[in-house]
Amino acid sequence: MAKKIYEYFQNVKNKTPKTLRDLKKADRLSGYSESELIDGLAELVKTQKINSDGNDSYSLPDW
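The opening position of the sequence shown corresponds to residue 5 in this note's numbering, with each subsequent residue numbered one higher.
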């Protein structure tokens with residue numbers, strides 16, 4: 005799950021930050037539940053692949 009979210013961020017990097025709501029609307033991620041997306045985001049933040057910007061907003065570290 006985290007890998008799919010990370011690939012999504014790589015593809016839209018010029019349009020970040022993104023929110024959980026944005027992820028739920030993304031075609032490639034639409035089949036996943038909110039809890040799966042939250043777990044994937046948490047894993048990416050923990051491994052410092054993406055940043056949590058507060059207010060449910062996430063971006064790539066090099067953005």
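Think of the CB as a built atom: it goes at the ideal place given N, C-alpha and C, for glycine as much as any other residue. Since the structure is predicted, the reported quantities are computational estimates derived from the model, not experimental observations.
Q) Does DSSP put Ser-39 in a helix, a strand or coil? A) Against the sequence shown, residue 39 aligns to sequence position 35. Here DSSP, grouped into helix, strand and coil, assigns Ser-39 to helix.
Q. Skipping 5 residues on each side, what residues in its chain have a beta carbon closer than 8 Å to that of Leu-33?
A. For the purposes of this step, residue 33 is identified with residue 29 of the sequence shown, where counting begins at 1. Lys-8, Ile-9, Tyr-12, Leu-27, Leu-41.
Q | Cβ neighbours of Ser-56 in the same chain (closer than 8 Å, five flanking residues each side left out) | A | Counting from one through the sequence shown, the residue named residue 56 turns up at place 52. Excluding residues up to 5 positions away in sequence, Leu-45, Val-49, Tyr-62 lie with their Cβ nearer than 8 Å to the Cβ of Ser-56 in the same chain.
Q: Leaving out five residues on either side along the sequence, give the residues of the same chain with a beta carbon under 7 Å from the beta carbon of Pro-21.
A: As a first step, residue 21 is located in the sequence shown; it is residue number 17 there, counting from the start. Cβ-Cβ distances below 7 Å link Pro-21 to Asp-57, Ser-61, Tyr-62, Ser-63 in the same chain, with the five nearest sequence neighbours on each side left out; the list follows chain order.
Q) For the alpha helix (DSSP H) that contains Gln-14, what are its first and last residues? A) As a first step, residue 14 is located in the sequence shown; it is residue number 10 there, counting from the start. Per DSSP, Gln-14 belongs to the alpha helix (DSSP H) from 6-15.
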